[in-house]
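Student: Once you've had a glance at the structure underneath, I'll fire off some questions.
2 protein chains.
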Amino acid sequence: MKSPKIITVTSLSELRNARATLPEPIGLVPTMGFLHAGHLSLVRQARQDCASVVVSIFVNPVQFGPAEDLSKYPRDLQRDLQLLTSAGVDLVWTPTPREMYPDGYQTWISLDELVKPLEGAMRPGHFRGVATVVGKLFNCVQPQKAYFGQKDAQQAAVIRRMTNDLNFPVEIIICPIVRADDGLAMSSRNVYLNAEERQAATVLYRSLNAARAAFDKGERDANTLRRIMTDTINSEPLASLQYVSCANYDTLIELEAITGKSLLSMAVFLGKTRLIDNMVLG
Amino acid sequence: MKSPKIITVTSLSELRNARATLPEPIGLVPTMGFLHAGHLSLVRQARQDCASVVVSIFVNPVQFGPAEDLSKYPRDLQRDLQLLTSAGVDLVWTPTPREMYPDGYQTWISLDELVKPLEGAMRPGHFRGVATVVGKLFNCVQPQKAYFGQKDAQQAAVIRRMTNDLNFPVEIIICPIVRADDGLAMSSRNVYLNAEERQAATVLYRSLNAARAAFDKGERDANTLRRIMTDTINSEPLASLQYVSCANYDTLIELEAITGKSLLSMAVFLGKTRLIDNMVLG
Numbered sequence: 593m594k595s596p597k598i599i600t601v602t603s604l605s606e607l608r609n610a611r612a613t614l615p616e617p618i619g620l621v622p623t624m625g626f627l628h629a630g631h632l633s634l635v636r637q638a639r640q641d642c643a644s645v646v647v648s649i650f651v652n653p654v655q656f657g658p659a660e661d662l663s664k665y666p667r668d669l670q671r672d673l674q675l676l677t678s679a680g681v682d683l684v685w686t687p688t689p690r691e692m693y694p695d696g697y698q699t700w701i702s703l704d705e706l707v708k709p710l711e712g713a714m715r716p717g718h719f720r721g722v723a724t725v726v727g728k729l730f731n732c733v734q735p736q737k738a739y740f741g742q743k744d745a746q747q748a749a750v751i752r753r754m755t756n757d758l759n760f761p762v763e764i765i766i767c768p769i770v771r772a773d774d775g776l777a778m779s780s781r782n783v784y785l786n787a788e789e790r791q792a793a794t795v796l797y798r799s800l801n802a803a804r805a806a807f808d809k810g811e812r813d814a815n816t817l818r819r820i821m822t823d824t825i826n827s828e829p830l831a832s833l834q835y836v837s838c839a840n841y842d843t844l845i846e847l848e849a850i851t852g853k854s855l856l857s858m859a860v861f862l863g864k865t866r867l868i869d870n871m872v873l874g
Numbered sequence: 593m594k595s596p597k598i599i600t601v602t603s604l605s606e607l608r609n610a611r612a613t614l615p616e617p618i619g620l621v622p623t624m625g626f627l628h629a630g631h632l633s634l635v636r637q638a639r640q641d642c643a644s645v646v647v648s649i650f651v652n653p654v655q656f657g658p659a660e661d662l663s664k665y666p667r668d669l670q671r672d673l674q675l676l677t678s679a680g681v682d683l684v685w686t687p688t689p690r691e692m693y694p695d696g697y698q699t700w701i702s703l704d705e706l707v708k709p710l711e712g713a714m715r716p717g718h719f720r721g722v723a724t725v726v727g728k729l730f731n732c733v734q735p736q737k738a739y740f741g742q743k744d745a746q747q748a749a750v751i752r753r754m755t756n757d758l759n760f761p762v763e764i765i766i767c768p769i770v771r772a773d774d775g776l777a778m779s780s781r782n783v784y785l786n787a788e789e790r791q792a793a794t795v796l797y798r799s800l801n802a803a804r805a806a807f808d809k810g811e812r813d814a815n816t817l818r819r820i821m822t823d824t825i826n827s828e829p830l831a832s833l834q835y836v837s838c839a840n841y842d843t844l845i846e847l848e849a850i851t852g853k854s855l856l857s858m859a860v861f862l863g864k865t866r867l868i869d870n871m872v873l874g
């Protein structure tokens, strides 16, 4: 019988002490909190693979741009802890911004190419903040495995690349997107949607499915697949397209024709809420 | 009795296998080879502190500028291995540039402020290369302690800062400068000096001693200390001063007056050979 005991720590020294008591292998699930079924699927996978599961909850300030939603990013620690206790997590770490980025902090992990297109083009500095905090989390927790969602496809590519480039002794496991019954990908930001926008938001998944249907019938021209996604998004009056992409799965370079593993992805505004979604082909 | 058996590995997978057999704590001494008494003092300290000593030998291409001496940087692996065997090192790792920086490599560790003055101003990108390779070496070897020389004072400050900022679970130990009998700091680049330059090169240490003598008599004005060093260097016809500095020990910001721990440092050309030296005050 699994004990429902969960350890919650805040400071780095508490974390290191608690971490030393946990049997290995250790699986880390880094989150920004406000957990949903997507996060819980990562926890479930970690629980299955590892002797111990550590979840970090940290709304990482350095990955938010000045015009982004850091201060109003949704938070509900009590609910998060209940969910993680039920999920059989061993240790929850909720560091403070001050301990993660003390006065005089000045070190960054950055990537040259992978951060340029897609989300990186729309959110300058975002992936530098992501890569830096993930490197810090790895060094603090020292997990054997770490779990991320395919929902943030470019983030997953950046983390795979930086883990490999910097030789972090951590296995990166990317878990599939979890969707609501109507297909909307789980996201903490879905809470911002009003009822009409929430309904319209299914257009992201519908557009991905339309492109995949064409692919399944043999379509390999990337422009055609991008146009199918664009036309579907534009058919929804409440949706405003920011970008669509049909790119190489690892390099994220835009394709002319699909030959190998590829990524369809997009960013769409529903009102003021920016949503992303993606699908892997091939 | 210490066995003289030494393990030498090249590939990362060999390293990980060999490292797993070594008792902890593990001390890492990162070097670019062509070892001298300075390196051996680091090895001796590591041998004293740690159950196992790992030395890496890697002339790190990404810390050399396009106009610098990468291709002619001195190398003598056979001699290095003999010295390290005699010094009781357990494991020597000689990675290849290709395995450290494979095709598509694109991840960098960089610092904002500490890399701007002094060596950083003269060698753009140098400390990005240093911080990146040190992060990689830490992740590959996973030592408990790592040893660096005070000779490269700014490098030591950069590594202390980046280790702390990124939460690497490694204790950084900075060992004192080792000098020849006439005061010249040990450096692999000393081999470039001809007999006359070698003799003139003692001017670096003489200028540091002149400034320290003034400090010991109560001088606290940083401009005066800088002028003493400058005048001493300029009195040596074969020496050409690049910079002198009197800065805060941790931040490397130039001082007006010495109040706490401070660093006197300089870069001087003897012919085509660029030498650096420094001394800590307070």
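Protein chains in written order, with the working numbering: chain A, 593 to 874; chain B, 593 to 874. Where a beta carbon is used, it is the ideal one built from N, C-alpha and C, also for glycine. Everything numeric in this text was worked out from a predicted model, so none of it was measured.
1. Could you tell me whether the segment 798 to 812 of chain A touches the segment 614 to 628 of chain B, where touching means 3 or more Cβ pairs closer than 8 Å?
2. Which residues of chain A have a Cβ atom closer than 7 Å to the Cβ of asparagine 731/B, listed in chain order?
3. Of all the residues that make up the segment 725 to 749 of chain A, which are near chain B by a beta-carbon distance shorter than 9 Å?
4. Alpha carbon to alpha carbon, how far is proline 829/A from proline 666/A?
5. Whole angstroms are fine: how far does the CA of methionine 714/B sit from the CA of asparagine 872/A?
6. Once the 5 residues before and after isoleucine 618/A are set aside, which same chain residues still bring their CB inside 8 Å of it?
7. Decide if aspartate 774/A is buried, meaning its Cβ has at least 16 other Cβ atoms within 10 Å, or exposed.
8. Determine the closest residue to arginine 866/B out of Leu604/B, Leu669/B, Ser780/B, with distance taken between C-alpha atoms.
9. If the cut is a Cβ gap below 7 Å, which residues of chain A does threonine 699/B touch?
10. Return the first residue and the last residue of the beta strand (DSSP E) that serine 854/A is part of.
11. Please look up how many angstroms separate the CB atoms of tyrosine 797/A and aspartate 869/A, rounded, as I've assumed it's under 8 Å.
12. Please confirm whether leucine 706/A has its beta-carbon closer than 8 Å to some beta-carbon of chain B.
13. To the nearest angstrom, how far is it from the Cα of cysteine 838/A to the Cα of leucine 856/A?
14. Taking C-beta to C-beta, are leucine 758/A and glycine 727/A nearer than 8 Å?
15. For isoleucine 820/A, does the three-state DSSP call read helix, strand or coil?
16. Note down, in chain order, each residue of its chain lying with its Cβ closer than 6 Å to the Cβ of threonine 724/A, except the 5 sequence neighbours on either side.
17. Does glycine 741/A pass the burial test, meaning 16 or more other C-beta atoms within 10 Å, or should it be called exposed?
18. Taking 8 Å as the threshold (beta carbon to beta carbon), is asparagine 786/A in contact with chain B?
19. What three-state label does DSSP hand methionine 714/B in the structure shown?
20. In the DSSP assignment, find the unbroken beta strand (DSSP E) run with glutamate 846/A in it and report its ends.
21. Express the C-alpha separation of arginine 804/B and proline 694/B in angstroms, rounding to a whole number.
22. Counting only beta-carbon separations shorter than 8 Å, does alanine 859/B have a partner in chain C?
23. Since I believe glycine 863/B is in contact with glutamate 763/B (beta carbons under 8 Å), could you give me their beta-carbon distance rounded to a whole number of angstroms?
24. So that I know if they touch, is there some Cβ in chain B lying closer than 8 Å to that of methionine 593/A?
25. Using only the alpha-carbon positions, how far apart do leucine 776/A and glutamate 616/A sit?
26. Using the Cα positions of lysine 854/B and methionine 858/A, report the straight-line distance between them to the nearest angstrom.
27. Mind checking whether methionine 778/B and alanine 772/B have CB atoms under 8 Å apart?
28. Leaving out the 5 sequence neighbours to the left and right, which residues in its chain are closer than 7 Å to leucine 565/B when beta-carbon positions are compared?
29. Tell me where the alpha helix (DSSP H) around valine 750/B begins and ends.
30. Mind checking asparagine 669/B: buried by the 16 CB within 10 Å criterion, or exposed?
31. Since I believe phenylalanine 807/A is in contact with isoleucine 845/A (beta carbons under 8 Å), could you give me their beta-carbon distance rounded to a whole number of angstroms?
32. What does DSSP give as the partner residues of proline 622/B in its beta bridges?
33. Leaving out five residues before and five after leucine 673/A in sequence, what residues of the same chain have Cβ atoms less than 8 Å from its Cβ?
34. On the three-state DSSP scale, how would you describe glutamine 736/B?
Tutor: Let's see:
1. no
2. Result: Leu758, Asn759, Phe760, Pro761.
3. Gly727, Lys728, Leu729, Phe730, Asn731, Cys732, Gln734
4. Rounded to the nearest angstrom, the two C-alpha atoms are 27 Å apart.
5. Per the sequence shown, the amino acid found at residue 872/A is valine instead of asparagine. Pairing valine 872/A with methionine 714/B, the inter-Cα distance amounts to about 47 Å.
6. Arg611, Cys642, Ala643, Ser644, Val645, Val646, Val733, Gln734, Pro735, Gln736, Lys737
7. exposed
8. Of the candidates Leu604/B, Leu669/B, Ser780/B, the residue whose Cα lies closest to the Cα of arginine 866/B is Ser780/B.
9. Ile701, Leu703, Arg753, Met754, Asp757, Leu758
10. 854 to 862
11. 6 Å
12. Taking Cβ atoms only, chain B reaches closer than 8 Å to leucine 706/A, which makes this a yes.
13. About 5 Å.
14. yes
15. DSSP places isoleucine 820/A in helix when its eight states are reduced to three.
16. Excluding sequence neighbours, threonine 724/A sits near Trp700, Ile701.
17. buried
18. no
19. If DSSP states are grouped into helix, strand and coil, methionine 714/B belongs with the helices.
20. Unbroken run through glutamate 846/A: none, as it is neither H nor E.
21. 47 Å
22. The structure shown has no chain C; the protein chains it does contain are A and B.
23. At roughly 39 Å, the Cβ-Cβ gap does not stay under 8 Å, so glutamate 763/B and glycine 863/B are not in contact.
24. In this prediction, methionine 593/A has a pLDDT of 44, which is less than 50 and means its spatial position is unreliable; what the coordinates show is noted afterwards. So no, methionine 593/A is outside the interface.
25. 36 Å
26. First, the residue type needs correcting, since residue 854/B is serine and not lysine in the sequence shown. Cα to Cα, serine 854/B sits roughly 53 Å from methionine 858/A.
27. Annotated as proximal: methionine 778/B and alanine 772/B, with beta-carbon spacing under 8 Å.
28. Since the first and last residues shown for chain B are 593 and 874, residue 565/B lies out of range.
29. 745 to 757
30. Looking at the sequence shown, residue 669/B is not asparagine but leucine. Leucine 669/B should be labelled exposed.
31. The Cβ separation is near 18 Å, so there is no contact.
32. Ser648/B
33. Ile598, Thr600, Val684
34. coil
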